[in-house]
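Counted from 1, the sequence shown has number 579 at position 186 by the working numbering; the numbering is strictly sequential.
Note that beta-carbon positions come from the ideal geometry of N, C-alpha and C, so glycine has one too.
Just so it is clear, the structure is predicted and the values come from calculations on it, not from any experiment.
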Amino acid sequence: MVKTAVILAAGMGSRLGDFANNQPKGFLDVGGIRLIDRSVDALLSAGIEDIVIGTGFRAIEYDNYAASRPQIRCVRNDAFQGTGSMETLYRLRMAVPGDFLLLESDLLYDPAGITTLMEDPRDNVLLASGPTQSSDEVFIETDQSGCLVDMSKHRETLSAVHAELVGITKVSEAFFALMCDLYSKGGTPKADYESLIVAAGRREPMHVRIMDDFVWCEIDDIHHMERAIGTILPKLQNRG
394 MVKTAVILAA GMGSRLGDFA NNQPKGFLDV GGIRLIDRSV DALLSAGIED IVIGTGFRAI
454 EYDNYAASRP QIRCVRNDAF QGTGSMETLY RLRMAVPGDF LLLESDLLYD PAGITTLMED
514 PRDNVLLASG PTQSSDEVFI ETDQSGCLVD MSKHRETLSA VHAELVGITK VSEAFFALMC
574 DLYSKGGTPK ADYESLIVAA GRREPMHVRI MDDFVWCEID DIHHMERAIG TILPKLQNRG
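Below you can see the structure in the form of structure tokens.
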């Protein structure tokens, strides 16, 4: 059973305007609860014992957050302004032993997604949803066995679209080592972690677990925040 989780939280959230309040996106308050608190609670409830947060923008906020929570450690990417999410993840490689759950910090989601991946017997599993019509989607193409072929924000570049990326993935130690190896040998500084999952998935299978009616959203801009408050939060509250 996976016992470690990684949260990527280095980004600035510059498209959120006043909602961000000069804080990391994980500190966004939705329905009276911050996103980081929602994720940490979901992870601990599912049996995760060790949480590593990759920080960058306003890293001190996460340092202070972790100071009173012994299950949480932070690793800083001081070059976050000129690098992508894969660089943040790469800098965590010595801090993450074994398999782990990988999450983005700007997600509002049903905690059932965490338990679904935790209970899946396969080593590498990417959580996906049905169509969200949310804007800024990352579309997923799979093969006939349900393994990842490619993903892109531009659906026309894919041969078919089978699902949308949620931003929660179970990653094995071996798969992560492959991602890091590919990145260190040929990755660009601005590379996002998704591109390395695709690249590594061409050598080792990354299974896609599609939950068609999964309730979730990313909060990356003002439109996303309004949708989170007006549409997604009520659905989560109704699910109890």
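Residue i in three-state terms, based on DSSP
i	result
PHE532	strand
ARG469	strand
ASP422	strand
MET479	helix
THR509	helix
ASP499	coil
GLU597	coil
Inter-residue Cα distance where the pair is residue i and residue j
i	j	result
ILE453	VAL399	18 angstroms
THR481	ARG427	22 angstroms
ALA593	MET572	6 angstroms
ARG462	ALA553	44 angstroms
VAL395	ARG596	22 angstroms
GLY425	GLN537	42 angstroms
ILE561	THR550	23 angstroms
LEU510	ALA584	25 angstroms
Burial state of residue i (16 or more Cβ within 10 Å)
i	result
GLU512	exposed
GLU497	buried
SER438	exposed
ASP422	exposed
THR624	exposed
LYS418	buried
SER577	exposed
HIS616	exposed
ALA434	The amino acid at residue 434 is misidentified as Ala; the sequence shows Asp. Exposed is the call here.
ASP471	exposed
Residues bridged to residue i (per DSSP)
i	result
ARG451	GLY449
SER522	GLU557, MET604
VAL342	Residue coverage of the chain in this structure runs from 394 to 633, which leaves residue 342 outside it and unanswerable.
ALA398	ILE444, LEU494
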